[in-house]
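Worksheet: the structure to be examined is printed underneath.
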Amino acid sequence: MYEKTIEAIKDLVNDGTVPGVSYAFIDDEQVRTGLYGAEALVPGYEPLKANQLYDVASLTKVVGTLNVILQLVDAGKLSLTDRVQDYLPNWQDTRVTIRHLLTHTSGIVGYIPHRDKLTASELHQALLGMHVGENFERKMVYSDVNFIFLGWIAEKILGEPIQTLITKKVLIPLGMKDSTFQPADPTQCVPTEVSPIRGLIRGVVHDPKAFVLKSSCGSAGLFSTLNDLVTFEQTMLSRENLPVAQPEKRALLADQTPLHEQWRSFGWALLQAKLPVPHRCIWHSGFTGTFLIMDLQTHQGMVFLSNRVHPKAPNEPFLARRNAIINTYLGEKSSVARIK
């Protein structure tokens, strides 16, 4: 089962596109996991070890921040139609709502000079000084600022940093015991980029904005393991007794953008699976080389963890190979799938 997908993963490592990959395939209660390759090439070769912590980058958005926001909506403390300005008064545009942030249709644009050299306070102010461009509501344009704002809104309502809220309201209830925003031991972490400024980044978040904003960043910052992300997917796929709020399956699989044609749900991107009958799946990726796929109708999922930015970012050739692996997986999983 999944032989072609596994072969494609190994090819990705063997030809040097990524140092190594940890992966899992979920079919109801059955889970198949594997790892292949290295976790570090610089300063020396280190073979990949089981259940290491990965900087999952933007998976933080859908694993963490999205669930905190949906809990607030479920509790009646927040509405999808609420204006961002109601919670962040320094934000000047009155049109942007929670739904726009969740679906990346806010149209927020702007250039921040010397962004990575700013303090947290300066970056906070600069992000709130961005503006809404011509793509507002018309086009889905993926941007970290949407989930940074969502994190700040959750902080405003609940009075704690978003990463603290994610830990208390998502990681602990789901039993994701190894996941953390502050790894205690860098050697338990798969390294990312060798930066000319920061050196070898290991055990510290790779994303520059998350590095500056620290616990107040809802777009990146989470470190997680293969086992914990399997736990997350299995919980999502089961749809039973969820310890965290989630919309109904049909809502999560619907295009939630204002024009309903941008293939974006709440947080998650949508994919079309062709078999056993045409239906939608949800997925999300992280810049460091990670992605999650879930088919909520057939109760199947895939976890893919790599450090494609090691030793050098951005490693653009990885993207086409990643997409090919996703398509191979969608084809193979169909052979064992059934709509439920």
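First residue of the sequence shown? That's 1211 in the working numbering, and the numbers climb one at a time after it.
Glycine included, C-beta positions come from ideal geometry on N, C-alpha and C.
All values reported here derive from a predicted model rather than from experimental measurement.
Where residue i sits in the DSSP three-state scheme
i, result
"E1365", "helix"
"S1425", "helix"
"I1492", "strand"
"G1230", "strand"
"P1396", "helix"
"D1265", "strand"
"A1250", "strand"
"H1341", "strand"
"E1217", "helix"
"R1293", "strand"
"P1418", "helix"
"R1460", "helix"
"L1447", "helix"
"R1474", "strand"
"E1347", "coil"
"F1433", "strand"
"L1298", "coil"
"V1319", "strand"
"T1441", "helix"
For residue j and residue i, believed in contact at Cβ under 8 Å, the rounded distance
i, j, result
"N1356", "I1318", "7 Å"
"F1514", "Y1233", "5 Å"
"Q1433", "S1389", "Residue 1433 is actually Phe in this sequence, not Gln. Confirmed, about 7 Å."
"P1393", "G1413", "5 Å"
With 16 other Cβ atoms within 10 Å as the buried cut-off, status of residue i
i, result
"G1274", "buried"
"H1520", "buried"
"H1494", "buried"
"N1437", "buried"
"S1545", "exposed"
"N1537", "exposed"
"D1354", "buried"
"V1422", "buried"
"N1517", "buried"
"E1365", "buried"
"M1350", "buried"
"T1329", "exposed"
"I1382", "exposed"
"V1487", "exposed"
Beta-ladder partner(s) of residue i, from DSSP
i, result
"Q1507", "Note: Q1507 sits in no beta bridge, so no partner."
"H1324", "H1324 pairs with nothing; no bridge assigned."
"A1483", "H1489"
"D1237", "Q1240, Q1510"
"F1501", "S1495, F1514"
"T1270", "Note: T1270 sits in no beta bridge, so no partner."
"V1404", "L1410"
"E1256", "A1250"
When the Cβ atoms of the segment 1329 to 1343 are set against those of the segment 1498 to 1512, are three or more pairs found closer than 8 Å? no
Within 8 Å, do at least three Cβ pairs link the segment 1428 to 1442 to the segment 1464 to 1481? no
Say whether the segment 1220 to 1232 touches the segment 1243 to 1260, bearing in mind that this needs 3 or more beta-carbon pairs closer than 8 Å, one atom from each stretch. At 8 Å Cβ cutoff, the stretches touch.
Specify whether the segment 1430 to 1449 and the segment 1284 to 1299 touch according to this definition: at least 3 beta carbon pairs, one from each stretch, less than 8 Å apart. In short, these stretches do not touch, since the Cβ pair count stays below three.
The segment 1275 to 1291 in contact with the segment 1358 to 1366 per 3-pair CB rule at 8 Å: yes
I'd like to know if the segment 1253 to 1268 and the segment 1391 to 1408 are in contact, where contact means that at least 3 CB-CB pairs between them fall below 8 Å. A contact exists between the segment 1253 to 1268 and the segment 1391 to 1408.
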